[in-house]
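Chains as they are written, first to last, in numbering that gives the first Met the number 0: chain X, 0 to 340; chain U, 0 to 331.
Glycine residues also receive a C-beta, built at the ideal position from the N, C-alpha and C atoms.
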Amino acid sequence: MDLSKIFRVAVLAATAATASVGAQAADITGAGATFPFPIYSKWADAYKTETSNGLNYQSIGSGAGIKQIQAKTVTFGASDAPLTSEQLAKDGLAQWPMVMGAIVMVVNLEGMKSNELVLDGKTLGDIYLGNIKTWNDAAIKKLNPSLNLPSAAITVVRRSDGSGTSFNFTDYLAKVNGDWKSKVGVGQAVEWPVGVGAKGNEGVAGNVSQTKNSIGYVEYAYAKQNNLTYAAMINAAGKTVKPSIAAFQAAASNADWANAPGFYQILTNQPGEASWPITAATFILMYKQPVDKDASNEALKFFAWAYEKGGKMAEELDYIPMPASVVKLVKDTWSKDIQTK
Amino acid sequence: MTDMAVPGVVDAAKPFDRARALAAFRLGDQTFYWVTRICALTVLFILGGIILSLIIGAWPAMQAFGLEFLVTRRWAPQVSPSPVLGALGPIYGTLVTSFIAMLIAVPVGIGIAIFLTELCPPVLRRPVGIAIELLAGIPSIIYGMWGFFVLAPFMTNHVQPVMIGLFEGVPVLGTIFGGPPSYLSLFNAALVLAIMILPFITAISRDVFTTVPPMLKESAYGLGCTTWEVVNNVVIPFTRVGVIGGIMLALGRALGETMAVTFIIGNSFQINGSIFAPGTTISAAIASEFAEASGLHQSALILLGLLLFVLTFIVLASARIMLARLERKAGN
Numbered sequence: 000m001d002l003s004k005i006f007r008v009a010v011l012a013a014t015a016a017t018a019s020v021g022a023q024a025a026d027i028t029g030a031g032a033t034f035p036f037p038i039y040s041k042w043a044d045a046y047k048t049e050t051s052n053g054l055n056y057q058s059i060g061s062g063a064g065i066k067q068i069q070a071k072t073v074t075f076g077a078s079d080a081p082l083t084s085e086q087l088a089k090d091g092l093a094q095w096p097m098v099m100g101a102i103v104m105v106v107n108l109e110g111m112k113s114n115e116l117v118l119d120g121k122t123l124g125d126i127y128l129g130n131i132k133t134w135n136d137a138a139i140k141k142l143n144p145s146l147n148l149p150s151a152a153i154t155v156v157r158r159s160d161g162s163g164t165s166f167n168f169t170d171y172l173a174k175v176n177g178d179w180k181s182k183v184g185v186g187q188a189v190e191w192p193v194g195v196g197a198k199g200n201e202g203v204a205g206n207v208s209q210t211k212n213s214i215g216y217v218e219y220a221y222a223k224q225n226n227l228t229y230a231a232m233i234n235a236a237g238k239t240v241k242p243s244i245a246a247f248q249a250a251a252s253n254a255d256w257a258n259a260p261g262f263y264q265i266l267t268n269q270p271g272e273a274s275w276p277i278t279a280a281t282f283i284l285m286y287k288q289p290v291d292k293d294a295s296n297e298a299l300k301f302f303a304w305a306y307e308k309g310g311k312m313a314e315e316l317d318y319i320p321m322p323a324s325v326v327k328l329v330k331d332t333w334s335k336d337i338q339t340k
Numbered sequence: 000m001t002d003m004a005v006p007g008v009v010d011a012a013k014p015f016d017r018a019r020a021l022a023a024f025r026l027g028d029q030t031f032y033w034v035t036r037i038c039a040l041t042v043l044f045i046l047g048g049i050i051l052s053l054i055i056g057a058w059p060a061m062q063a064f065g066l067e068f069l070v071t072r073r074w075a076p077q078v079s080p081s082p083v084l085g086a087l088g089p090i091y092g093t094l095v096t097s098f099i100a101m102l103i104a105v106p107v108g109i110g111i112a113i114f115l116t117e118l119c120p121p122v123l124r125r126p127v128g129i130a131i132e133l134l135a136g137i138p139s140i141i142y143g144m145w146g147f148f149v150l151a152p153f154m155t156n157h158v159q160p161v162m163i164g165l166f167e168g169v170p171v172l173g174t175i176f177g178g179p180p181s182y183l184s185l186f187n188a189a190l191v192l193a194i195m196i197l198p199f200i201t202a203i204s205r206d207v208f209t210t211v212p213p214m215l216k217e218s219a220y221g222l223g224c225t226t227w228e229v230v231n232n233v234v235i236p237f238t239r240v241g242v243i244g245g246i247m248l249a250l251g252r253a254l255g256e257t258m259a260v261t262f263i264i265g266n267s268f269q270i271n272g273s274i275f276a277p278g279t280t281i282s283a284a285i286a287s288e289f290a291e292a293s294g295l296h297q298s299a300l301i302l303l304g305l306l307l308f309v310l311t312f313i314v315l316a317s318a319r320i321m322l323a324r325l326e327r328k329a330g331n
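See below:
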């Protein structure tokens, strides 16, 4: 009789303890890509007001995010460079796309307005290879016959940290510039032939806004938030496109998520007359067998909420929400792969 | 005198109690001795542990690259099949920025110290001295921000173009001061470093200048020497070792400075002859890449750290030796 009473008290106490721990551990922790940071922080803010559960997302770069999830210091990692299904299997990770966005070229040229400057992939690659050194180079002039370009040297700004934005950008350059493909290649951190390195999308945005005659690549939201001048691009169909949600959506609509194992999809240089050439999805990484299941479930709740209610907020920041069909695929993956109990 | 005025105490102090009290004192002394000794040894132990863990962490990179690590210019962590990593870029950047910083900070720092000890009106001496010391207390990130937002634009728009124009076409100098101007460059980083290490040089120089016996200086003045002659022929020769020690301490700081430099150096591993080109230093490379590095890449960064450790250790040790020599001299 006494024993069972003690047992009951113990169970009660334990339940209370877990419950209170669960309530305290409401802050979901994640780390990774800087590319989706504006939308993640917006979602987190709205989620907090709605459910009083917070999200602590550190935008430390995709490379560091992958490392953090592998070290199990965070509940989820975020990367714009998808892991291949072999890499996922090796670490026991599940991966899914959260939102799509676009990389735009930002420049700091006196008197230049957004969309005035036109660039194509080949020229862009040559600028980042250091083959084109000044703004009045024949190749740039040819694309912009009506612009009065300065003779100043181009300051190339790129990422210094491991970055999914860099991964998508170099992937694009490798697709459109043969020299880039053979000399530099694709990666989160490549051997940059020229330029200055800055940390994070915000670092590149800051450097370009500071440095005259510079060029850099950032996620569109950073260009808008920092009032940077962005360039129009010539896409795979040979058409000049301006960055806009319609152009990003046109590129994103080509993605075939259903037939991509581990949702491995790279959206650069997509066909279509209206497609923006450097579009990218950003991914979430979580363990299939999480150590802390409560935290993992909380994170999944947040992601489900973001899919359901975050679409409008994403569009406000010119991100492209995942289509409903993809969300369904993602949710299938959750229930199939991720242990919740 | 034989009997104490307080009988109770005398009665209590029997030989037995006395021995016990003394033993208690000895125990206290012993404990204190060991506690302090362990504290001191802990520092040595931690230092040894840091060196050891650096060596262990750097071992894979040492094996993979060997001595070639020091002379390889490429830094390609994601090249297949295996990364090609070389320390020449960071070492070059570290040495160049520190050299330029010393070139600027040493004359200015010693000049301030001479002014403060020999020429400054007493009213100004304290405020200027304190201002210099406060410079040493400013967190390096503040220097980095100031360098990025204020100094770098100014230098790039007004100073660098002039220098580039001045040396254009001159062999060697034309390369060293070659264009284009850049916000993020070795030169701008070196300037910020110079300002950061200035207080070290000034503070130590000032302290050692005050160790010059007044009699020596008075005698020199008595012989009709000018202030410059006194400084050049009496003060500096007398304190040379101490001043060099101070300079070495400053050099140690310049070599290892991370945050301010990472802000404005440009984080580029390319070696370009020009000081206006972006570059990187050992500490900046570690700071910007360590978070996402793994495997051989991480090991190479740790090896870079070990190199920096050895480099600064040599510099600081020689500074200590020189300062110790000065103290011995002053003692005589």
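C-alpha distance - residue i paired with residue j, whole-angstrom precision
| i | j | result |
| --- | --- | --- |
| U:Gln-62 | X:Ser-324 | 51 Å |
| U:Val-229 | U:Leu-115 | 15 Å |
| U:Lys-216 | U:Val-234 | 8 Å |
| U:Phe-208 | U:Arg-324 | 15 Å |
| X:Ala-280 | X:Pro-81 | 9 Å |
| U:Ala-20 | U:Thr-30 | 15 Å |
| U:Phe-176 | U:Ser-273 | 5 Å |
| X:Lys-182 | U:Pro-198 | 46 Å |
| X:Lys-41 | X:Met-312 | 7 Å |
| U:Thr-238 | U:Thr-280 | 32 Å |
| U:Phe-268 | X:Gly-110 | 32 Å |
| X:Ala-358 | X:Glu-115 | Since the first and last residues shown for chain X are 0 and 340, residue 358 of chain X lies out of range. |
| U:Val-191 | U:Ala-259 | 8 Å |
| U:Arg-252 | X:Pro-289 | 44 Å |
| X:Asn-135 | U:Ala-249 | 44 Å |
| U:Trp-227 | U:Leu-118 | 10 Å |
| X:Pro-320 | X:Lys-335 | 23 Å |
| X:Ala-93 | X:Ile-283 | 8 Å |
| U:Trp-33 | U:Ile-45 | 18 Å |
Anticipated Cβ contact below 8 Å, residue i with residue j, distance rounded
| i | j | result |
| --- | --- | --- |
| X:Pro-260 | X:Tyr-171 | Actually they do not touch by this definition, with Cβ atoms about 23 Å apart. |
| X:Ala-246 | X:Thr-239 | That belief does not hold up - the Cβ atoms of X:Ala-246 and X:Thr-239 are roughly 11 Å apart, past 8 Å. |
| U:Ala-193 | U:Ala-104 | 4 Å |
| U:Ile-344 | U:Ala-189 | Lying outside 0 to 331, the shown extent of chain U, residue 344 of chain U is not represented and no answer is given. |
| U:Ile-263 | U:Ala-151 | 6 Å |
| U:Pro-80 | U:Ser-298 | That pair is no contact at about 17 Å. |
| X:Lys-89 | U:Ser-293 | No, X:Lys-89 and U:Ser-293 are not in contact; Cβ-Cβ is about 13 Å, not under 8 Å. |
| X:Ala-293 | X:Asn-167 | Rather than Ala, the amino acid found at residue 293 of chain X in this sequence is Asp. Contact doesn't hold; Cβ gap of about 34 Å is too wide. |
Coarse secondary structure for residue i, derived from DSSP in three states
| i | result |
| --- | --- |
| U:Leu-165 | helix |
| X:Gly-189 | It should be noted that the sequence gives Val, not Gly, for residue 189 of chain X. Coil, per DSSP. |
| X:Ala-12 | At X:Ala-12 the pLDDT is 49, less than 50, meaning the model places this residue with poor confidence; the figure from the coordinates comes in the next sentence. Correct three-state label for X:Ala-12: helix. |
| X:Leu-54 | strand |
| X:Pro-270 | coil |
| U:Leu-66 | helix |
| X:Tyr-229 | strand |
| X:Met-97 | strand |
| X:Tyr-318 | coil |
| X:Met-111 | coil |
| U:Tyr-142 | helix |
N-terminal and C-terminal residue of the alpha helix (DSSP H) that residue i is part of
| i | result |
| --- | --- |
| U:Met-214 | 213-221 |
| X:Phe-75 | Not the alpha helix (DSSP H): X:Phe-75 falls in the beta strand (DSSP E), residues 75-78. |
| X:Asp-293 | 292-308 |
| U:Phe-186 | 185-208 |
| X:Thr-164 | 163-175 |
Test item: CB-CB of residue i and residue j under 8 Å
| i | j | result |
| --- | --- | --- |
| U:Glu-288 | X:Gly-60 | no |
| X:Thr-74 | X:Gly-31 | no |
| X:Ala-257 | X:Gln-269 | no |
| U:Ala-219 | U:Thr-257 | no |
| U:Gly-245 | U:Ile-301 | no |
| X:Asn-176 | X:Asp-125 | yes |
| X:Tyr-286 | X:Gly-91 | yes |
| X:Val-189 | X:Val-203 | no |
| U:Pro-277 | X:Val-195 | yes |
| U:Ile-270 | U:Tyr-142 | no |
| X:Val-207 | X:Val-105 | yes |
| X:Tyr-219 | X:Gly-309 | no |
First through last residue of the beta strand (DSSP E) which encompasses residue i
| i | result |
| --- | --- |
| U:Arg-239 | Not the beta strand (DSSP E): U:Arg-239 falls in the alpha helix (DSSP H), residues 235-255. |
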